[in-house]
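Colleague:
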Amino acid sequence: MRRVFLLLPILILLMASCELYYEEPVQTGTVHIVSIGITYENEPDGHDYLGDLPGTVFDARELSDALSQQAMRAGWDSTDIEVTLLLQEGTDHTQKTFDDLGYASRNHLENTLATIAGVATADDLTIITYSGHGIEGTGELLMAHTQTSGPVDISEDSPIVVTPEWLHARISPIKGKKLLILDSCYSGVFVPESPSSSSWVYDNGIDDWYGKYFSDEEYQIPSFVVFTASADSDSYEIQFGDHNHGVFTSALLAALGWNHTTKKIANGAPPAAQNELLSIDSLYKYIKKHQAFPVRWSLFTIGENVQHPMITGGAMDMVLFSY
Numbered sequence: 001m002r003r004v005f006l007l008l009p010i011l012i013l014l015m016a017s018c019e020l021y022y023e024e025p026v027q028t029g030t031v032h033i034v035s036i037g038i039t040y041e042n043e044p045d046g047h048d049y050l051g052d053l054p055g056t057v058f059d060a061r062e063l064s065d066a067l068s069q070q071a072m073r074a075g076w077d078s079t080d081i082e083v084t085l086l087l088q089e090g091t092d093h094t095q096k097t098f099d100d101l102g103y104a105s106r107n108h109l110e111n112t113l114a115t116i117a118g119v120a121t122a123d124d125l126t127i128i129t130y131s132g133h134g135i136e137g138t139g140e141l142l143m144a145h146t147q148t149s150g151p152v153d154i155s156e157d158s159p160i161v162v163t164p165e166w167l168h169a170r171i172s173p174i175k176g177k178k179l180l181i182l183d184s185c186y187s188g189v190f191v192p193e194s195p196s197s198s199s200w201v202y203d204n205g206i207d208d209w210y211g212k213y214f215s216d217e218e219y220q221i222p223s224f225v226v227f228t229a230s231a232d233s234d235s236y237e238i239q240f241g242d243h244n245h246g247v248f249t250s251a252l253l254a255a256l257g258w259n260h261t262t263k264k265i266a267n268g269a270p271p272a273a274q275n276e277l278l279s280i281d282s283l284y285k286y287i288k289k290h291q292a293f294p295v296r297w298s299l300f301t302i303g304e305n306v307q308h309p310m311i312t313g314g315a316m317d318m319v320l321f322s323y
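In the UniProt record's numbering, the protein residues as written are 1 to 323.
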């Protein structure tokens, strides 16, 4: 019993000193926001195999607006915030549509990330959001197709399929802090290992996790964090007023203080902020608490849709904005 009492002050100290995990927020540099939304409504005639996702474009537009407004609230000048929207909406599948630089093809995403990598500095913050399909069981993302006829190819070697390796390889060279937000099915496969944690979705067992947790590796403040709508399961859309949103994105917008009527963020620090800091952990906690669907089954929710978000693990948190 005496040892229990001795441990209590230590635990209290650790809990009270969680802010030590924050790095000093950098409110300089450029904020790059790339938001992707794909409805999959433009498959060639007679080949409508991909389910339509009407909420994805609303996800992309409103997230980019909410994030850019929060950056300005945190002190960035509007000229230092660069927003790129890569969208597919409507039924047009002509070559002219595909060639538009705002079309959400994999080539346009690759070029956008390469452009950011060429100009980003250590003080920059890059946020990439994706709302669209994830391949069942494996989680690869499906960018908008570029076929004028025939069935859309979603095989492993398809030019619209984005694997974790492909995307990580193009985000990692970008200097500064990077955040990848995915609202798609089975998106947990994109959560990488960190210097202080293992990803469950990469089939690591308890021995791998235990060994990583008690290893001699130093904790590091992450420069690249992945935030996903689900682990190894489906993600869902819900009706929100006169339009749809992903369940995860709806909660994320609420965490950012987004008003769907005015299209503006609320005054003051956003609801998810803690101690006037908006971090990945504070967003994660808010979403798990306020998400429309439960994060796990219970005796009262068996049979309902469950959706559990994930983030890159580790003790260190990434601060996005300071107020």
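Glycine is no exception: its CB is placed at the ideal position from the N, C-alpha and C atoms.
Predicted model only: the values in this text are computed from it and were never measured.
#1: Are the segment 39-52 and the segment 62-73 in contact at 8 Å, needing three or more beta carbon pairs?
#2: Could you spell out the range, first to last residue, of the alpha helix (DSSP H) harbouring Gly118?
#3: With respect to the beta strand (DSSP E) encompassing Ile127, which residues constitute its N-terminal and C-terminal limits?
#4: Pop quiz: Leu73 and Tyr323 are said to be a contact at Cβ under 8 Å. What is the actual Cβ separation, rounded to whole angstroms?
#5: With burial defined as no fewer than 16 other Cβ atoms inside 10 Å of the residue's Cβ, what is the status of Asp124: buried or exposed?
#6: Which runs of the alpha helix (DSSP H), 4 residues or longer, sit entirely within the segment 29-74?
#7: Report the residue from Gly246, Glu165, Gly90, Glu156 whose alpha carbon sits nearest the alpha carbon of Tyr130.
#8: Rounded to whole angstroms, how far is the Cβ of Glu82 from the Cβ of Thr121, which I believe are closer than 8 Å?
#9: Here's the rule I'm using: 16 or more other beta-carbon atoms within 10 Å means buried, otherwise exposed. How should Thr312 be labelled?
#10: Measure the alpha-carbon distance for Thr39 versus Ser187 and round it to whole angstroms.
#11: Beta-carbon separation of Pro309 and Lys289 under 8 Å?
#12: Can you tell me whether Pro270 is buried or exposed? The criterion is at least 16 other CB atoms within 10 Å of its CB, across all chains shown.
#13: Could you tell me which residues DSSP puts in a beta bridge with Asp232?
#14: Please state the DSSP three-state secondary structure of Gly134.
#15: Just the Cα atoms here: how many angstroms apart are Ser199 and Lys178?
#16: To the nearest angstrom, how far is it from the Cα of Leu253 to the Cα of Leu320?
#17: Figure out for me which residue from Ile154, Ser279, Thr97, Ile160 has the closest Cα to the Cα of Met316.
#18: Tell me the DSSP bridge mates of Gly246?
#19: Is the beta carbon of Leu180 sitting closer than 8 Å to the one on Ile238?
#20: Would you kindly report the start and end of the unbroken alpha helix (DSSP H) that includes Asp281?
#21: What does DSSP give as the partner residues of Asn259 in its beta bridges?
#22: Could you please give me the residues that DSSP links to Val162 through a beta bridge?
Modeller: Answer, in terms of the structure:
#1: no
#2: 106-119
#3: 125-131
#4: Checking the sequence, you will find Arg at residue 73 rather than Leu. Correct: roughly 7 Å between the Cβ atoms.
#5: buried
#6: 56-73
#7: Gly246
#8: With 8 Å as the limit, Glu82 and Thr121 do not qualify as a contact, their Cβ atoms being about 13 Å apart.
#9: buried
#10: 17 Å
#11: no
#12: buried
#13: According to DSSP, which records beta bridges pairwise, Asp232 is partnered with nothing at all.
#14: strand
#15: Low confidence applies to Ser199: its pLDDT is 45, below 50, so where it sits in the model is not reliable enough to give any reading.
#16: 15 Å
#17: Ser279
#18: Glu237
#19: no
#20: 280-290
#21: Lys264
#22: Leu141
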